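Since the structure comes first, as structure tokens, the remarks are kept for the end.
Residue numbers (the numbering used here), protein chains in the order written: chain A, 10 to 121; chain B, 3 to 117.
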């Protein structure tokens, strides 16, 4: 499902650094954008969502949305080894019956 | 967040048999349920979307006669894998959304192994 694209990584950052995860989407009418974290063998868990242009901060996480560029990103400040996981970007497409589509995910490793 | 319970968490079945997976929303009304399949080291692939009381909408390439989805109530959806084959072995995950909520919440997933 190519509606949402992510760099699969792996992305490695040292502990305490900022991890930057990126996602692009193809449907210009998309309304809501989500970041999920998935540990191996587990279901995804929601980190945060954003639907307005600009930044949204929640603790160490900041989501950034640029609808003109069809781009959404997630910044993780003060990265911890426990943040090591696959991060999935999801988009709620407009006018298509409410589907959520996921990107392929970016594998993040935080090195102690 | 809201709780979605998926059962069973693991199932092993023989080739040719059918398996039913249940997905329940415990503390909200799931007006929409999504069913995903995830193969190892791959992303979640949306299989179908179902709205309570309506027929499911299947994604291209997903056989609706093989993957039967029922969403008869606001708290329960089921996925039945009929005449399962080894290539159906995968991690199946449901998620649910209330029309009053922006986000969707996931069940724990079901690891299906067809032998």
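Every residue, glycine too, gets a C-beta built ideally from N, C-alpha and C.
Here the structure is a predicted model, which is why all the values come from computation and not from measurement.
Rounded distance between the beta-carbons of residue j and residue i, thought under 8 Å
| i | j | result |
| --- | --- | --- |
| residue 55 of chain A | residue 63 of chain A | That belief does not hold up - the Cβ atoms of residue 55 of chain A and residue 63 of chain A are roughly 20 Å apart, past 8 Å. |
| residue 82 of chain B | residue 20 of chain B | 6 Å |
| residue 97 of chain A | residue 46 of chain B | 7 Å |
| residue 93 of chain A | residue 113 of chain A | Contact doesn't hold; Cβ gap of about 18 Å is too wide. |
| residue 76 of chain B | residue 106 of chain B | The pair is not a contact, with the Cβ atoms about 15 Å apart (cut-off 8 Å). |
| residue 86 of chain B | residue 15 of chain B | 6 Å |
Buried/exposed call for residue i, threshold 16 Cβ in 10 Å
| i | result |
| --- | --- |
| residue 73 of chain B | buried |
| residue 8 of chain B | buried |
| residue 67 of chain B | exposed |
| residue 48 of chain A | exposed |
| residue 41 of chain B | exposed |
| residue 18 of chain B | exposed |
| residue 77 of chain A | exposed |
| residue 111 of chain B | buried |
| residue 15 of chain A | buried |
| residue 5 of chain B | exposed |
| residue 90 of chain B | buried |
| residue 28 of chain B | exposed |
| residue 95 of chain B | buried |
| residue 116 of chain B | buried |
| residue 120 of chain A | exposed |
| residue 19 of chain A | exposed |
| residue 39 of chain A | buried |
Range of the contiguous beta strand (DSSP E) that encloses residue i
| i | result |
| --- | --- |
| residue 81 of chain B | 78 to 83 |
| residue 95 of chain A | 94 to 101 |
| residue 48 of chain A | Here residue 48 of chain A belongs to no beta strand (DSSP E), and DSSP marks it neither H nor E. |
| residue 37 of chain A | That residue, residue 37 of chain A, is in no beta strand (DSSP E); it is neither H nor E in DSSP. |
| residue 27 of chain B | 21 to 27 |
| residue 112 of chain B | 112 to 116 |
| residue 40 of chain B | 34 to 40 |
| residue 58 of chain B | Counting along the chain, residue 58 of chain B falls outside any beta strand (DSSP E), and DSSP gives it neither H nor E. |
| residue 14 of chain A | 13 to 15 |
| residue 46 of chain B | Taken as a continuous stretch (DSSP letters only), residue 46 of chain B belongs to no beta strand (DSSP E), as it is neither H nor E. |
| residue 87 of chain B | It is not in any beta strand (DSSP E) - residue 87 of chain B carries neither H nor E in the DSSP assignment. |
| residue 74 of chain B | 69 to 75 |
| residue 8 of chain B | 6 to 9 |
| residue 30 of chain B | Segment: none, residue 30 of chain B is in no beta strand (DSSP E) and carries neither H nor E. |
| residue 13 of chain B | 12 to 15 |
| residue 23 of chain A | 20 to 23 |
| residue 119 of chain A | 115 to 120 |
When you check each C-beta in the segment 24 to 50 of chain A against every C-beta of chain B, which residues fall closer than 7 Å?
-> 41 and 43
Going along the chain, which residues of the segment 94 to 110 of chain B sit with their C-beta nearer than 8 Å to a C-beta in chain A?
-> 95, 97, 99, 104, 105, 106, 107, 108, 109 and 110
Could you name the residues of the segment 39 to 54 of chain B whose beta carbon sits closer than 8 Å to any beta carbon of chain A, in the order they occur along the chain?
-> 44, 45, 46, 47, 48, 51 and 53
What are the uninterrupted segments assigned as beta strand (DSSP E) that are 3 or more residues long and contained completely in the segment 46 to 93 of chain A, given in chain order?
-> 54 to 59, 63 to 67, 70 to 75 and 80 to 85
If contact means a Cβ-Cβ distance below 8 Å, which residues of the segment 68 to 85 of chain B contact chain A?
-> none
Below 8 Å between beta carbons is the criterion; list the residues of the segment 56 to 79 of chain A that meet it against any residue of chain B, in chain order.
-> 58 and 60
Compile a chain-ordered list of the residues in the segment 18 to 38 of chain B whose CB is closer than 7 Å to at least one CB of chain A.
-> 34 and 36
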